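To start, the structure under review is shown below, and the notes come after it.
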Amino acid sequence: MNRFSVSRRGVIAAACSAVLGLSATQAQAEEKPIKIGLTTDLTGIAATYAKAQVDAVQLAIDEINAAGGIKGRKLELLVRDSALKPELGSSLTRDLIVREKVDYLIGPDASSVGVAVTNVAKQYKKVVVMTIPNTPRLVGELFHPYFFTIVPSGTMLARAMAEGIGKDNQKIAFIGGDYEASHQAIKYFGDWLAKVNPNAKIINQQWPKLGEPDFTPYITQLLSAQPDIVFSYLWGADLIAFIKQAKPYGFFEKTKFATLLFLDDLVALGDDMPDGILGQMYAPPFGTKSPKMDAFIKKYQDKYGKYPSDWAVMGYDGMMILAEGIKTAEDWDSDSVSEAILKLKYDGLQGPLTFRDVDHQGDVPSFLGTTGKVEGLPFKGLVNIQRIEAATVMPTPEEILADRNK
Amino acid sequence: MLTDILIQLLSGVSRGMILFVVASGLTLIFGVLRIANFAHGSFYMMAAFTAYAVTTALGGSDLGFVASLVVAPLVVAAFGLVFEFFLLRRIAKREHLYQLIMTFAATLIISDGIKMIWGGAYRSVGYPPMLSGSLDILGRPFPAYYLLVIILGLVIAAGLSWMIERTRFGRTISAAVVDPEMVGALGINVPRLYTLVFGLGAWLAGVGGALAAPIGSVSLGIDNSIIIESFAVVIIGGSGSIPGALAAALIIGIVQSLGIMVAPRLAIAFIFIALCAVLLLRPQGLLGRRV
Numbered sequence: 011m012n013r014f015s016v017s018r019r020g021v022i023a024a025a026c027s028a029v030l031g032l033s034a035t036q037a038q039a040e041e042k043p044i045k046i047g048l049t050t051d052l053t054g055i056a057a058t059y060a061k062a063q064v065d066a067v068q069l070a071i072d073e074i075n076a077a078g079g080i081k082g083r084k085l086e087l088l089v090r091d092s093a094l095k096p097e098l099g100s101s102l103t104r105d106l107i108v109r110e111k112v113d114y115l116i117g118p119d120a121s122s123v124g125v126a127v128t129n130v131a132k133q134y135k136k137v138v139v140m141t142i143p144n145t146p147r148l149v150g151e152l153f154h155p156y157f158f159t160i161v162p163s164g165t166m167l168a169r170a171m172a173e174g175i176g177k178d179n180q181k182i183a184f185i186g187g188d189y190e191a192s193h194q195a196i197k198y199f200g201d202w203l204a205k206v207n208p209n210a211k212i213i214n215q216q217w218p219k220l221g222e223p224d225f226t227p228y229i230t231q232l233l234s235a236q237p238d239i240v241f242s243y244l245w246g247a248d249l250i251a252f253i254k255q256a257k258p259y260g261f262f263e264k265t266k267f268a269t270l271l272f273l274d275d276l277v278a279l280g281d282d283m284p285d286g287i288l289g290q291m292y293a294p295p296f297g298t299k300s301p302k303m304d305a306f307i308k309k310y311q312d313k314y315g316k317y318p319s320d321w322a323v324m325g326y327d328g329m330m331i332l333a334e335g336i337k338t339a340e341d342w343d344s345d346s347v348s349e350a351i352l353k354l355k356y357d358g359l360q361g362p363l364t365f366r367d368v369d370h371q372g373d374v375p376s377f378l379g380t381t382g383k384v385e386g387l388p389f390k391g392l393v394n395i396q397r398i399e400a401a402t403v404m405p406t407p408e409e410i411l412a413d414r415n416k
Numbered sequence: 004m005l006t007d008i009l010i011q012l013l014s015g016v017s018r019g020m021i022l023f024v025v026a027s028g029l030t031l032i033f034g035v036l037r038i039a040n041f042a043h044g045s046f047y048m049m050a051a052f053t054a055y056a057v058t059t060a061l062g063g064s065d066l067g068f069v070a071s072l073v074v075a076p077l078v079v080a081a082f083g084l085v086f087e088f089f090l091l092r093r094i095a096k097r098e099h100l101y102q103l104i105m106t107f108a109a110t111l112i113i114s115d116g117i118k119m120i121w122g123g124a125y126r127s128v129g130y131p132p133m134l135s136g137s138l139d140i141l142g143r144p145f146p147a148y149y150l151l152v153i154i155l156g157l158v159i160a161a162g163l164s165w166m167i168e169r170t171r172f173g174r175t176i177s178a179a180v181v182d183p184e185m186v187g188a189l190g191i192n193v194p195r196l197y198t199l200v201f202g203l204g205a206w207l208a209g210v211g212g213a214l215a216a217p218i219g220s221v222s223l224g225i226d227n228s229i230i231i232e233s234f235a236v237v238i239i240g241g242s243g244s245i246p247g248a249l250a251a252a253l254i255i256g257i258v259q260s261l262g263i264m265v266a267p268r269l270a271i272a273f274i275f276i277a278l279c280a281v282l283l284l285r286p287q288g289l290l291g292r293r294v
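Those protein sequences? They're chains A and B, same order as listed. For the record, in the first sequence the residue sitting at position 342 is 352 according to the numbering used here, with numbers rising by one throughout. For the record, in the second sequence the residue sitting at position 250 is 253 according to the numbering used here, with numbers rising by one throughout.
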């Protein structure tokens, strides 16, 4: 309805200017919008994350456009649904570049699609800012100069968890969905554990399939291993099912539990979320107390009627970084913008953020805390929240290069 | 160790019971209407989302749970009746392929409909407060809710058996499983029988969905695994056979639970191994009739 009336007004305006014989060519050339392409998984198990990403990117774009755009040009967002299929991610991104002529890309959702998108970006030399995918392969063997990420990588998260679990926990059991990211996580976790907590051992590993409806057998297996703590790489619907099924077995009284945790999981579980779980989060809005974050939460809630998730925080920051890069670049082309982003000192929702040369990884934090009631939140959040700075867990440039040349 | 196995066994039985409730509906529809109802998993999912809506509206109370267990299956049954009466019946005389395509189309429509109403986010339904604790079985905790599932599953199995053996409607169903043409020739309104059986089947999928809602997460895609397992139950148990469905569902539930203790990475394969064994050795299913 709204869109219709706007477009009708546009048509009338165009007709008027044509009738009046105004020479609009010069104005039009300047006002040609900057097209941003976003391929993401709007259907499938990660659809909620993609939706928050699209919403937050759109929020950022609306703000930039309301302030007059970039160098007089408005931003326009083109969204495509890759439905968790890498081959669709490739073809849709290619189509956005070739046919729709998008100028820049912003990151997809699932890591598998991220891999596909970064390859297309490399092929066509398009700047891409990733805001959800975090497989270490993106900064490793797949790296190219037009790629940027503001997501804590799988390596950074696994290392932060290995440290966060603490030295008093020595017998560690693992449960994670049987797919690539989970296998990577336990590997990096184990490597870092050997460094920071050499006495600890991973005594038991459980690999349910993704989308497993019944975790009971895994729950009893984990318990009979009698670990000090269980490290989980379950997320989303799987994590919810696991927690609900584990609770009546007294699981959370018998063992400590440390897990990857998304804001969406906290919202879905509500009061059913047990207290005292060690949760690791990417970018929870309640993890940062600042006027900037507060303003973002309010804007997002006013527009979309819900509390922003980690993905919204990163989506908004990612779009703002891309915009500042375009603004400060000498020219519109990918090389200039890439150079400009690398020089940015971006002041984001979670504080200052810069990218490093070697892998274009943003020095973003991650968060650890224990689940519990947080003042002002309608669902449970994290208390005793600890901000893990990137510097402590980021692989060194030597490690990255060694990994890339393997 | 023994108690571990016992607990595992019980949890396998409770898992099998939900599968039985859902699959018994599928086997009835398959046996009587001769339709492979792909939408059966979607009925299950629809019930789970309806149960979510009802329990949330009633604030996660015991009453909310009971209400969801009553309302959700009825909503799904009503949907099933309408679907059969207005759509499936129209193409009943055509090739079976068209009916397959129509039930498959229903899966897409239902999942998009759910997405439109509830969005793509995953949801969670809490256990009813009264059953949120656990019982002590040989010194090990066992979730009270699972016991309810087992009991309700048995009640439904008994109820269905009674209905099929003791009521006129049930005997007509058994007759239709064996020879639908003869049933028609005897002056029974076969189309009406089909509609009712389809509605009953949908109701059973609904009970399964409402029962399963508190155990896992309620999300788009929960229809996938249940429909595959349900078809496996129909094939292993024999089409149209309620006792067969019960036996097959329990076998699948138990084998999967215990299988994880022995060879966890192979657990998902067990169901298909059982399926192949039955197809090779007893193609009509454990308790099915030879056709």
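Note that the Cβ used here is the ideal one computed from N, Cα and C, for glycine as well. In this text the structure is predicted, and so the values were computed from the model without any measurement.
Classification of residue i by the beta-carbon crowding that lies within 10 angstroms, buried from 16 upward
i        : result
A/Arg90  : buried
B/Glu98  : exposed
A/Lys42  : exposed
B/Ile295 : Lying before the first or after the last residue shown, residue 295 of chain B is absent from chain B, which here runs from 4 to 294.
A/Phe418 : There is simply no residue 418 of chain A to check, as chain A begins at 11 and stops at 416 in what is shown.
A/Ser300 : exposed
B/Glu232 : buried
B/Met133 : exposed
Where residue i falls: helix, strand or coil (DSSP)
i        : result
A/Ser33  : Note that A/Ser33 scores a pLDDT of 46, beneath 50, so its modelled location is shaky and nothing firm can be said.
A/Arg366 : coil
B/Gly288 : coil
A/Leu273 : helix
B/Pro146 : strand
A/Lys266 : strand
A/Ala60  : helix
A/Gly54  : coil
A/Pro394 : One detail in the question is off: residue 394 of chain A reads as Asn in this sequence, not Pro. DSSP places A/Asn394 in strand when its eight states are reduced to three.
B/Thr170 : coil
A/Lys257 : helix
A/Phe241 : strand
B/Thr6   : helix
B/Ile255 : helix
A/Gly197 : Here the sequence assigns Lys to residue 197 of chain A, which means Gly is not the residue at that position. Three-state result, A/Lys197: helix.
B/Ile191 : coil
B/Leu221 : The residue you asked about is not Leu; residue 221 of chain B is Val in the sequence shown. B/Val221: strand per DSSP, three-state reduction.
B/Leu269 : helix
B/Gly156 : helix
A/Tyr48  : In the sequence as presented, Tyr is not what sits at residue 48 of chain A; that position holds Leu. Strand, per DSSP.
B/Gly212 : helix
B/Gly129 : coil
A/Gly361 : strand
A/Gly221 : coil
Limits of the beta strand (DSSP E) - the one that residue i falls within
i        : result
A/Asn214 : 211-216
A/Gly358 : 356-358
A/Thr380 : 376-382
B/Leu138 : 137-140
Delimiting residues of the alpha helix (DSSP H) encompassing residue i
i        : result
A/Thr402 : 400-403
B/Gly187 : 183-188
B/Phe234 : 225-240
B/Phe107 : 99-121
A/Ser234 : 226-234
A/Met409 : Before going further, note that residue 409 of chain A is Glu rather than Met in the sequence given. A/Glu409 -> alpha helix (DSSP H) spans 407-414.
A/Lys353 : 344-353
Integer Cβ distance of residue i from residue j, believed to fall under 8 Å
i        : j        : result
B/Leu305 : B/Gly256 : Here chain B has residues from 4 to 294 only, and residue 305 of chain B is not among them.
B/Gly212 : B/Ala42  : Contact doesn't hold; Cβ gap of about 13 Å is too wide.
A/Gly286 : A/Thr381 : 6 Å
A/Asp188 : A/Pro218 : 7 Å
B/Ala39  : B/Leu100 : Actually they do not touch by this definition, with Cβ atoms about 10 Å apart.
A/Met330 : A/Gly358 : 7 Å
Check: residue i C-beta below 7 Å from any heavy atom of the ligand MG
i       : result
B/Leu90 : The model depicted lacks the ligand MG and carries no ligand whatsoever.
* Every unbroken beta strand (DSSP E) within the region 283-329 of chain A, with a cutoff of 3 residues, ordered by chain -> 288-291
* To do: Quick one: which unbroken alpha helix (DSSP H) runs of 4-plus residues sit fully inside the region 20-71 of chain B? Chain order, please.
  => 43-60
* Asked: Fully enclosed by the region 62-114 of chain A, which beta strand (DSSP E) runs are 3 residues long or longer?
  -> 85-91
* Which runs of the alpha helix (DSSP H), 4 residues or longer, sit entirely within the region 106-189 of chain A? -> Within the region 106-189 of chain A, complete alpha helix (DSSP H) segments of at least 4 residues are found at 121-134, 164-174, given in chain order.
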